[in-house]
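Enquirer:
Residue numbers (my numbering): 45 to 365.
#1: Straight-line CA distance for residue 147 to residue 78?
#2: If I measure Cβ to Cβ from residue 437 and keep anything under 7 Å in the same chain, skipping five residues before and after, which residues do I get?
#3: Taking residue 196 as the reference, give the member of 181, 210 and 207 with the closest Cα.
#4: Hey, could you find the ends of the alpha helix (DSSP H) residue 335 is sitting in?
#5: Exposed or buried, what is residue 309 when buried is set at 16 or more other beta-carbons lying within 10 Å of its beta-carbon?
#6: Would you call the CB atoms of residue 45 and residue 123 closer than 8 Å?
#7: Rounding to the nearest angstrom, what Cα-Cα distance links residue 303 and residue 312 in this structure?
#8: Rounded to whole angstroms, what's the CA-CA distance from residue 164 to residue 174? Just pull it up for me.
#9: Near residue 349, which residues of its chain fall below 6 Å by C-beta distance, leaving aside the five closest residues on each side in sequence?
#10: How would you call residue 329, buried or exposed, if buried means at least 16 neighbouring beta carbons within 10 angstroms?
#11: When the Cβ atoms of the segment 237–257 are set against those of the segment 279–293, are three or more pairs found closer than 8 Å?
#12: How many Å lie between residue 279 and residue 142 at the Cα?
#13: If you draw a straight line from the C-alpha of residue 127 to the C-alpha of residue 137, how long is it?
#14: According to DSSP, is residue 302 part of a helix, a strand, or is it coil?
#15: Which first and last residues belong to the beta strand (DSSP E) in which residue 128 is found?
#16: Determine the burial state of residue 49: buried for a count of at least 16 other Cβ atoms within 10 Å of its Cβ, exposed for fewer.
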């Protein structure tokens, strides 16, 4: 339901109708809802140290600007949660909505006011910044807001565990679960693994991701391939490239390797050794396969069909020819 809000001079009757129509305020760990508050937009604080204080975002929230602007121009959608503030009028979430309201010429808007609540805090909330970051991560999960990305959650988790004694994967996973973001077990464990490994490798291993490795190798030898020695799957991926290159040039494929997740010198060494052994094994397998394939002339694969997936056209559990 959209209720029209005048650009300025909102009547008491309109304010009351909106306050009665808004959905039940969301509960946040470490916070207590104080009630709704109408505030002049020029009195809302969105800055910290001169910069927009959207602490959990890595790249802004400009995904559906035109849709959001058109919606706000019609008024307030009372089926959605409104923006939130904490004393004194510091914006907690809804930075993109706030900027659109200013652009559209609104002078006043309704906010949900929250204050810090020690009784509902989690084990991972110490300083005020922890409370605010957790609020923003949770508040940006649905209700029309642009949901936080795994990268943004990972960055906040990395910051949160900077000075914490227990930096284990299990502890990081407990933190992510405390945010109640409806993430799958695999996503949570992925974030836990990334953050815990970040601290394990500090002062021991130089972290390198695929993009960084490719950039470095390109500067050293633009013709060389790049191999991540993290696991056998990566080695398998480069072997077709090796075969194609050899077929076309009769020359070996030159490559430079790196390990994207090593946390010790031993892991780096093992990755380098294992990947070379795996390439030798694959080369031997290809030669044996080619010899047998030529000798027998048999096509060595046979498709039995597909699992039914077309809803309304195929019966679940069957194999489709």
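C-beta atoms are modelled at their ideal positions from N, C-alpha and C, and glycine is treated no differently. Quantities reported herein were computed from a predicted structural model and do not represent experimental measurements.
Expert: Put simply:
#1: 28 Å
#2: Beyond the ends of the chain as shown, which are 45 and 365, falls residue 437; an answer cannot be given.
#3: 181
#4: 309–340
#5: exposed
#6: yes
#7: 6 Å
#8: 13 Å
#9: 363, 364 and 365
#10: exposed
#11: no
#12: 49 Å
#13: 6 Å
#14: strand
#15: 128–130
#16: buried
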